[in-house]
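Enquirer: Numbering (the working numbering), first residue to last: 77 to 429.
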Amino acid sequence: MSRNIGPLSLLVLFTSAFAHPNYVGYSGAPGSLGRCASTCHGAGGGTVQVTGFPTEYVPDSTYLLTIAALSGSSIKNFNGSVRVGTSSTTAGQIVAGLNTTTYSVAQESNGVHLSSNDRQNGTFYWRAPVAGTGAVRLYVGAHQGNHSGPNTTITLVADETVTQLPPGAPSDPIPADAATDQPLEVNLWWLADQSTDYCEVYFGTEDPPVLFANNVGGESYLVSDLEPSTTYYWMVSAVNEGGTTPSRVWSFTTETASAAENTLIASEFQVSPAYPNPFNGLVRVTLTVPFNSTVSAVIFDRTGRQVATLLQNSLIDRSVDLEWNAAGYAAGLYFLRCDCAGLSQTQKLVYLP
Numbered sequence: 077m078s079r080n081i082g083p084l085s086l087l088v089l090f091t092s093a094f095a096h097p098n099y100v101g102y103s104g105a106p107g108s109l110g111r112c113a114s115t116c117h118g119a120g121g122g123t124v125q126v127t128g129f130p131t132e133y134v135p136d137s138t139y140l141l142t143i144a145a146l147s148g149s150s151i152k153n154f155n156g157s158v159r160v161g162t163s164s165t166t167a168g169q170i171v172a173g174l175n176t177t178t179y180s181v182a183q184e185s186n187g188v189h190l191s192s193n194d195r196q197n198g199t200f201y202w203r204a205p206v207a208g209t210g211a212v213r214l215y216v217g218a219h220q221g222n223h224s225g226p227n228t229t230i231t232l233v234a235d236e237t238v239t240q241l242p243p244g245a246p247s248d249p250i251p252a253d254a255a256t257d258q259p260l261e262v263n264l265w266w267l268a269d270q271s272t273d274y275c276e277v278y279f280g281t282e283d284p285p286v287l288f289a290n291n292v293g294g295e296s297y298l299v300s301d302l303e304p305s306t307t308y309y310w311m312v313s314a315v316n317e318g319g320t321t322p323s324r325v326w327s328f329t330t331e332t333a334s335a336a337e338n339t340l341i342a343s344e345f346q347v348s349p350a351y352p353n354p355f356n357g358l359v360r361v362t363l364t365v366p367f368n369s370t371v372s373a374v375i376f377d378r379t380g381r382q383v384a385t386l387l388q389n390s391l392i393d394r395s396v397d398l399e400w401n402a403a404g405y406a407a408g409l410y411f412l413r414c415d416c417a418g419l420s421q422t423q424k425l426v427y428l429p
């Protein structure tokens with residue numbers, strides 16, 4: 077028996093098919109098949125707007141996007157997708173929100189549209205792609221009202237934010253970790269990563285050490301007035317806009333008090349050049365020493381035999397002028413050796429009578 081389908085039934089069927097979200101097709105992104113919502117019917121002049129899509133995105137970050145009709149009719153439906161550059165490759169991932177759902181069709185595997193037609197607005201989430209993806213584009217095609225209603229075509233571009241990473245940890249300390257017998261004035265050295273803007277030096281007798289110097293521009297720092305026979309701890313933090321990276325804690329131990337005293341003497345124990353040299357009778361030198369220092373000064377010939385003693389464990393205050401009269405000695409090469417607190421300086425003397 078035949079059945080007649082009246083006008084009302086036809087209208088219901090047509091409306092049902094029209095209301096299904098999939099009717100709108102594609103977002104209009106590169107590589108997508110079919111037509112997007114803004115080319116199905118109607119003309120331009122729509123008032124649909126998308127907000128929340130960044131101009132610069134941080135990789136792996138999630139953004140909330142809102143689509144809304146600013147005026148006029150509600151949104152019949154829309155299609156949206158995000159692509160890498162101007163290619164057909166999907167960028168990141170879209171997740172449905174208020175009044176939206178995602179879809180997957182040929183060549184548009186992660187699209188978004190309204191979950192039901194005729195909505196004033198909707199939201200969806202976009203998780204940005206991994207670092208190194210580069211610029212991406214959001215494509216949206218939206219239609220308002222009925223078949224003759226206005227359309228909106230949107231393309232938004234987001235560049236990837238290049239986030240500076242923290243610098244590498246400083247390394248290769250000088251003095252070497254756990255070094256001993258270090259002087260009471262030490263130049264701390266380290267190797268810093270090339271991306272380092274400046275360093276922070278931590279130093280002290282406690283582990284961990286406290287901040288000692290900030291905004292150190294190079295790879296060295298001088299510490300002085302240290303105590304003998306003391307262990308010092310130090311570390312360096314490298315800093316740039318991406319963050320701060322500390323080294324591990326290093327240490328060194330200073331020399332004993334007697335060694336420190338000798339170091340001081342070495343810096344003050346000086347023997348002036350012999351004058352005249354060569355000489356034909358008298359030769360003179362000046363010794364400069366710390367306060368109340370014991371000094372010896374002797375003359376040797378070229379065979380190593382001691383031939384004269386100018387000072388023998390003599391207590392000298394600051395300086396002394398020495399003379400040697402070589403009259404009666406054979407012509408030739410001699411050596412003047414001066415000793416002070418275990419340190420020794422030797423000069424050649426040429427006697428030409």
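Note that CB positions come from ideal geometry on N, CA and C, so glycine has one too. Everything numeric in this text was worked out from a predicted model, so none of it was measured.
Tell me which residue opens and which closes the beta strand (DSSP E) that V238 is part of.
Expert: On the sequence shown, residue 238 is found 162 positions in, with the first residue counted as 1. Counting along the chain, V238 falls outside any beta strand (DSSP E), and DSSP gives it neither H nor E.
Enquirer: When you compare the CB positions of A314 and A252, do they come within less than 7 Å of one another, or not?
Expert: As a position in the sequence shown, residue 314 is number 238, starting the count at 1. As a position in the sequence shown, residue 252 is number 176, starting the count at 1. Not a contact, by the Cβ cut-off of 7 Å.
Enquirer: If you scan the segment 277 to 321 from start to end, which runs of the beta strand (DSSP E) of 3 or more residues do you find wholly inside it?
Expert: Qualifying beta strand (DSSP E) stretches, in chain order: 286 to 292, 296 to 299, 307 to 316.
Enquirer: Quick one: what's got a C-beta closer than 6 Å to E399's C-beta in the same chain, skipping five residues either side?
Expert: Indexing the sequence shown from 1 puts residue 399 at position 323. Taken in chain order, the residues that qualify are L358, R360.
Enquirer: Given that a residue counts as buried once 16 or more other Cβ atoms are within 10 Å of its Cβ, and exposed if not, what is Q220?
Expert: Position 144 of the sequence shown holds residue 220. Q220 should be labelled buried.
Enquirer: Cutting at 6 Å between CB atoms, please list the residues of its own chain near N290, excluding the five before and the five after it.
Expert: The residue labelled residue 290 in the question sits at position 214 within the sequence shown. E276.
Enquirer: Would you call the segment 298 to 312 and the segment 257 to 267 touching, i.e. three or more CB-CB distances under 8 Å?
Expert: At 8 Å Cβ cutoff, the stretches touch.
Enquirer: For S180, is the classification buried or exposed, using 16 other Cβ atoms within 10 angstroms of its Cβ as the cut-off for buried?
Expert: Locating residue 180 in the sequence shown gives position 104, counting from the first residue. S180 comes out exposed.
Enquirer: P243: buried (16+ other C-beta within 10 angstroms of its C-beta) or exposed?
Expert: In the sequence shown, the residue the question calls residue 243 occupies position 167. With 16 or more other Cβ atoms within 10 Å, it is buried.
Enquirer: Check the DSSP bridge columns for H223 and list the partner residues they point to.
Expert: Indexing the sequence shown from 1 puts residue 223 at position 147. BP columns for H223 are empty, so no partner.
Enquirer: Among W202, T229, T330, which has the Cα closest to the Cα of G128?
Expert: Position 52 of the sequence shown holds residue 128. The shortest Cα separation from G128 among W202, T229, T330 belongs to W202.
Enquirer: Within 10 angstroms of its Cβ, does L214 collect 16 or more other Cβ (buried), or is it exposed?
Expert: Start at 1 with the first residue of the sequence shown, and residue 214 comes out as number 138. That one is buried.
Enquirer: Could you give the distance in angstroms between the alpha-carbon of N227 and the alpha-carbon of E184?
Expert: Counting from one through the sequence shown, the residue named residue 227 turns up at place 151. Counting from one through the sequence shown, the residue named residue 184 turns up at place 108. Approximately 21 Å, taken between the alpha carbons.
Enquirer: Our contact map puts Y102 next to A204 with C-beta atoms below 8 Å; I'd like the distance itself, whole angstroms only.
Expert: Residue 102 sits at position 26 when you count from the first residue of the sequence shown. Residue 204 sits at position 128 when you count from the first residue of the sequence shown. Their Cβ separation, rounded to whole angstroms, is 22 Å, which puts Y102 and A204 out of contact at 8 Å.
Enquirer: Using the Cα positions of T362 and P349, report the straight-line distance between them to the nearest angstrom.
Expert: The residue you call residue 362 lines up with position 286 of the sequence shown. The residue you call residue 349 lines up with position 273 of the sequence shown. Going by the C-alpha atoms only, they are around 8 Å apart.
Enquirer: Judging by CA-CA distance, which residue of S147, L141, S150 is the nearest neighbour of S157?
Expert: Indexing the sequence shown from 1 puts residue 157 at position 81. For S157, the nearest C-alpha among the options comes from L141.
Enquirer: Identify the continuous beta strand (DSSP E) that holds F355 and give its terminal residues.
Expert: As a working mapping, residue 355 is identified with position 279 in the sequence shown. No beta strand (DSSP E) contains F355, which DSSP labels as neither H nor E.
Enquirer: Can you give the Cα-Cα distance for P54 and N197, rounded to whole angstroms?
Expert: Given a span of 77 to 429 for the chain in the structure shown, any question on residue 54 remains unanswerable.
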